[in-house]
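Residue 15 in my numbering sits at position 8 of the sequence shown; the count goes up by one each step and never skips.
See below for the structure under consideration.
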Amino acid sequence: LVLVCTPRKTRMERDYRFYAAQAAATGLLISAVKFPLNAGSFTSVVSQLELASVVMLMNHVPGAGLLGSFAAILGVKATVDEADASSVSRTNKLVMLGGAGLLCLGLFVDKRGIKIFG
Numbered sequence: 008l009v010l011v012c013t014p015r016k017t018r019m020e021r022d023y024r025f026y027a028a029q030a031a032a033t034g035l036l037i038s039a040v041k042f043p044l045n046a047g048s049f050t051s052v053v054s055q056l057e058l059a060s061v062v063m064l065m066n067h068v069p070g071a072g073l074l075g076s077f078a079a080i081l082g083v084k085a086t087v088d089e090a091d092a093s094s095v096s097r098t099n100k101l102v103m104l105g106g107a108g109l110l111c112l113g114l115f116v117d118k119r120g121i122k123i124f125g
């Protein structure tokens, strides 16, 4: 049995974009979990889109910020359309989605060369 030793990878440098992506992904993930996954409904599509953008944000896929901001906009629309949510939980969800959407939009714009953060 031969063991091959390979040098460890150097640790990825974490800047503000890393933390902004993680915060946006957390907000979208919480929102996606709270939507029901009824097949064929609008909220189901929004939830699946939010989950896809969470995976893209955590894996640093190009275009994840654009998809995340689009998912947050649709999430806000679905939250406003909900009839059974209390006003406190609806307000909390809108603030969380708005923050996640703004972070995603900032990540997308910053990647294109217009410096917003830093």
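C-beta atoms are modelled at their ideal positions from N, C-alpha and C, and glycine is treated no differently.
Worksheet item: Roughly how many whole angstroms lie between the Cα atoms of D88 and A107?
Response: 19 Å
Worksheet item: Rounded to the nearest angstrom, how far is the Cβ of G82 from that of L109, given a contact under 8 Å?
Response: Going by Cβ atoms, the distance from G82 to L109 rounds to 13 Å, so no, they are not a contact pair.
Fill in: Rounded separation between L58 and C111 - CA only
14 Å
Fill in: C-alpha distance - F115 paired with S54, whole-angstrom precision
21 Å
Practice prompt. Express the C-alpha separation of A27 and M63 in angstroms, rounding to a whole number.
Written response: 13 Å
Practice prompt. Please work out which residues of its chain come closer than 7 Å, Cβ to Cβ, to S3, disregarding the five sequence neighbours upstream and downstream, and give them in chain order.
Written response: In the structure displayed, the chain extends from 8 to 125; residue 3 sits before or after that span and is not available.
Worksheet item: Mapping DSSP to helix, strand and coil, what is N66?
Response: coil
Discussion item. Distance check for S60 and H67, CA to CA, integer angstroms please.
Written reply: 10 Å
Discussion item. If you reduce the DSSP assignment to three classes, tell me which class E173 lands in.
Written reply: Given a span of 8 to 125 for the chain in the structure shown, any question on residue 173 remains unanswerable.
Practice prompt. Please check the pair L35 and A78, which I expect to be a contact at CB under 8 Å, by giving their CB distance rounded to whole angstroms.
Written response: 6 Å
Item to complete: Assign S38 to one of three DSSP states: helix, strand, or coil.
Response: helix
Worksheet item: Buried or exposed: G70, going by 16 or more other Cβ atoms within 10 Å of its Cβ?
Response: exposed
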